[in-house]
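One structure below.
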Amino acid sequence: MFTGLVEMTGRVVLLERRGEEAHLRIEAPFASDLSSGESVAIDGVCLTATKRADGWFEAVVSPETLSRTTIGLRSTGDRVNVERALRAGDRLGGHIVQGHVDGVGVVEWIRPEGSGLRVRIRFAQELEDFIVMKGSIAVDGVSLTVAARGERSFEVALIPETLRLTHFGDSSPGTPVNLEVDMMGRYVVEYLKGRLAEGKTEPAVTREHLARHGFAGKEGAR
């Protein structure tokens, strides 16, 4: 589990296909502090550190991850957003990010806005119900707020600090990005879709339900 507050950018020093999977080596200052089996988010993708040495670590990228994210599109020398897993007691400064990418979006345009940038990103139809105005979304692992919403597109504002700590300054129109929608919003939408599919339009939790289980007084009781 992550927060979407990227610590720094790392650099791809190796991306080697081995059969259907790939081996990825990332250069990052904190690599020597990692333990084998520890989770690290690379551009918002939760990967497991399998090897590490002074200044770099490696992870194996599964065929599923290669097919659903931008990891396989990376090249040697590319910068990537890096975040170590959340520890008990850490501050949750962004929002809960699982590192499970829901889809790949594409940067439509980038424009200056104040001291930062405003970016519009297009996304696939299947994410339409999960991206809402003022909601949270992880873009390449970065916790951002939806500043505007259009038809299959949304906009985010990037402040100078975000640009300094991430690789967004390298982006241009057409750049693919990993998208992870807000986990809690996803559960709510899927739950409601399931109830509607079953023909249930009444709320599952009513006053009578709460009273029956001792959480509320019966209607009319004083």
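Throughout the sequence shown, residue numbering follows this note's numbering, covering 10 to 231 in sequence. Beta carbons: idealized from backbone N, C-alpha and C, even for Gly.
Query, Result
"Just to confirm, is the Cβ distance from Ala31 to Leu75 under 8 Å?", "yes"
"Report the option in Asn187, Gly203 and Phe66 whose CA atom is closest to the CA atom of Ser41.", "Phe66"
"Taking all protein chains shown into account, do 16 or more other C-beta atoms lie within 10 angstroms of the C-beta of Asp52, making it buried, or fewer, making it exposed?", "buried"
"Are Leu23 and Asp111 closer than 8 Å when you measure CB to CB?", "no"
"If you follow the alpha helix (DSSP H) that Glu170 is part of, which residue opens it and which one closes it?", "Pro169 to Leu174"
"Mapping DSSP to helix, strand and coil, what is Glu207?", "coil"
"By the DSSP assignment, the alpha helix (DSSP H) with Pro72 in it spans what residues?", "Pro72 to Arg77"
"Three or more C-beta pairs under 8 Å: does that hold for the region 131–143 against the region 89–99?", "no"
"What is the residue span of the beta strand (DSSP E) that Glu245 lies within?", "The first residue shown for the chain is 10 and the last is 231, placing residue 245 beyond what the model contains."
"For Ala230, which residues from the same chain have a beta carbon less than 6 Å from its beta carbon, with the 5 sequence-adjacent residues on both sides left out?", "Low local confidence applies: a pLDDT of 48 at Ala230 is under 50, so the model's placement there is unreliable, with the coordinate-based value given in what follows. The answer is none, since no qualifying residue turns up."
"Determine whether the beta carbon atoms of Asn90 and Gly183 lie at a separation below 8 Å.", "no"
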